[in-house]
Amino acid sequence: MANLTPDALTDAIAAGQFDKVLAAVDDGLSKDSCLSGRPLLIEAAAAGGTALVEGLLNRGADVATEAPVGWTAVMAAARHGHESTAGLLLDRGADVEARSKNGWTAVMLAAENGHESTAGLLLDRGADVEARNKNGWTAVMLAAQNGHESTAGLLLDRGADVEARNKVSWTAVMLAARHGHESTAGLLLDRGADVEARDKDGWTAVMLAARHGHESTAGLLLDRGADVEARDKDGWTAVMLAAQNGHESTAGLLLDRGADVEARDKDGWTAVMLAAFNGHESTAGLLLDRGADVEARDKDGWTAVMMAAQNGHESTAGLLLDRGADVEARDKDGWTAVMLAAQNGHESTAGLLLDRGADVEARDKDGWTAVMLAAQNGHESTAGLLLDRGADVEARDKDGWTAVMAAARHGHESTAGLLLDRGADVEARDKDGWTAVMMAAQNGHESTAGLLLDRGADVEARDKDGWTAVMLAAQNGHESTAGLLLDRGADVEARTSSGATALLIALRKCRLGAAGVLLKAGADIGACDKDGRNALLTAASAGMESMVRELLDRGADVEVTNVAGETALSVAANASDFRLADLAAGSSDTSWLDFANELAGPDGLVLSAFRGAARCLPAEQTKVESET
């Protein structure tokens, strides 16, 4: 019997075969054995096995034993309403006020599950009716949340505070309202609950009932004095919450009871906007029937039809247009509903708007059109629809960007391909001279760059500052993209207007991987920009020890000076990068003392650089400092 498996023990307890379990204990099974992580005593209590609990206690089981979450046997009995088992445990010394790790007590568990008589027993035995868990919940809140009216009544009779608040300032009546427990809410109001109590965000019970569509509960609260126009901290009212969640009948009730259909939150949103935003067509229709302004605008100039379009709620958008919404309404940035639909890839909604008169070529304040927005976000089919309906594939924003540039910048290869198929110029340039392949390269979109090159993009195209695609890839550390461009003919020695090569650009940004790709492609390590900085000087000033080593191994000239007369050695020393200075010095005929003297001004040595140099070679430190 001691070899009963955990499953067999569980089955025996569930079947009430307590003698079998006790026989196993007598046969050697530990009285403290665990089933599913819970001690045997707690499993017995949860099952209401009073005889088994008594038998285990008689055999030495600890009445205070805990499960990993801190539950005790009396909590398990209370949760399941096993009153006699709970009573036995208390008689044998169980702590009626024991708490789990989250601060729950037995009476809270009984209340949560509506075990009125068990809760009464616990209170009779000293349980604190006002005990709170870590979130500030009391037993009466738990009973209210779950609609256990009689249990809530018992707790109130025994001294529970009907106005107690949890950590977010919810009261029992708010919890009952949130879950639609009308009769429980009524009891709490009868016992003194404040119908206008607010949580920390300013929500009231009627707002909670409205948000969850509990029409009859909302009606009760209004009958008992709830303010139908109460506002939370953001200016929301109950009818707005009902509209947001598509609770049409609840919204209707609130309007019947005086709710303002045009109430606005602090951002200027109205109930019909909220219904439209979430695609609640029938609720939006009700609000319009009751006087909502279909053209109302929020603080950003958005209308309800724009909100419906943004989220692809085609039928709701259609309803709003049927009721007079302006299909060409613009927000403060010049966006229209069709732009919003296009940006988010809502093809059918965009089609509806175009059918109803939307301008496919409308532009926002920056000159963007719907097809550019679709392209930017990779919505290929939506872009195709817009082109079919007359969108200009070559439309430009105020900076000269086209749709194919927007697609390339974000790596939307197939969308870029579609645009090129429809006539987009692969070599179009923005105001700074950038092309689509340069934008793809800048952001490391290798396959998109490859597509553009396949379609005729010039790998050597330059912007107005002389930058090429491979330079942009190198600057941002996109090794594989840089490799592709080099494989496709990019000049590794191309220079910007300031004389920088891709290698120098990569080193300035500490892009070791990209620099390695360029070196393998034959980049000239001796090339200097207009300031006289070569690869070694640039790597030294950036503190790139491994690159300095590689460049020295490749034969970099440490004697090269920039226009300021600095060498890699002096740059490293001035930056107090002694490892690099040591590397540079190891490849130079210049002694550290000579170098320190070289840095001396007319009034003597520059001590900071002098001492920095000295620290690189401790053996010379005494000599240097003595000469100071």
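Residue numbers (our numbering): 105 to 732.
Every residue, glycine too, gets a C-beta built ideally from N, C-alpha and C.
The structure displayed is predicted, hence computed values, not measured ones.
Distances from the CA of T189 to each of V157, L458, D534, Q414 were compared; the closest alpha carbon is that of V157. The three-state reading of DSSP puts P172 in coil, since its state is none of H, G, I, E or B. In the three-state reduction of the DSSP assignment, T605 falls in the strand class, which pools E and B. By the Cβ criterion, the stretch 169-181 is in contact with the stretch 136-155, since at least three pairs of Cβ atoms, one from each stretch, lie closer than 8 angstroms. Residue burial annotation: G323 is buried, with at least 16 other C-beta atoms found within 10 angstroms of its C-beta. Residues V266 of the same chain have their beta carbon placed closer than 6 angstroms to that of G296, with the five preceding and five following residues left out of the count.
Closest option to E170, judged by alpha-carbon separation, among H184, A198, L607: A198.
Shown here for G626: same chain residues with a beta carbon closer than 7 angstroms to its own, the five before and five after excluded, namely V596 in chain order. D501 has its alpha-carbon roughly 6 angstroms from the corresponding atom of D470.
For A223, the closest C-alpha among the options A528, A247, A408, K205 is that of A247.
The continuous alpha helix (DSSP H) containing R513 extends over residues 507-513. Secondary structure note for K624: its alpha helix (DSSP H) is the uninterrupted segment 616-624. Under the three-state reduction of DSSP output, R282 falls in the helix class. The criterion of a C-beta distance shorter than 8 angstroms is not satisfied by V343 and L325. Distances from the CA of D131 to each of L312, R163, A544 were compared; the closest alpha carbon is that of R163. A distance of 8 angstroms or more separates the beta carbons of L225 and G257.
A check of alpha carbon separations from Q447 across S485, R615, A243, Q579 identifies S485 as the nearest.
Per the coordinates, the alpha-carbon of L640 lies some 42 angstroms from the alpha-carbon of G482. The Cβ neighbour count for N666, taken over all protein chains shown within 10 Å, is at least 16; the residue is labelled buried. The three-state secondary structure of R599, taken from DSSP, is strand. For L133, the secondary structure class from DSSP, reduced to helix, strand or coil, is coil. Only residues of its own chain outside the window of five on either side were considered, and among them E220 have a CB closer than 6 angstroms to the CB of S254, listed in chain order. Using a Cβ-Cβ distance cut-off of 8 angstroms, the stretch 399-406 and the stretch 350-363 are not in contact, since fewer than three pairs of beta carbons, one from each stretch, lie closer than that value.
DSSP lists no bridge partner for L490.
By DSSP's assignment, C632 forms no beta bridge with any residue.
In this structure, DSSP gives R142 an extended state, which the three-state scheme calls strand. If you look at M410, you'll find it in the alpha helix (DSSP H) that goes 408-414. Residue state for R394 is assigned as coil, using DSSP reduced to three classes. For R637, the CB contacts under 6 angstroms within the same chain, skipping 5 residues up- and downstream, are N666 in chain order. For D459, the uninterrupted alpha helix (DSSP H) segment begins and ends at 451-459. Put simply, the backbone Cα of A127 is about 35 angstroms away from that of D228. Here the alpha carbon of E216 sits roughly 12 angstroms from the alpha carbon of L279.
The beta carbons of A313 and A268 sit no closer together than 8 angstroms. Under the DSSP assignment, A462 falls outside any alpha helix (DSSP H); it carries neither an H nor an E label. For D496, the closest alpha carbon among the candidates G515, A421, L524, H514 is that of L524. Out of A396, L608, T600, the CA that lies nearest to the CA of L424 is found in A396.
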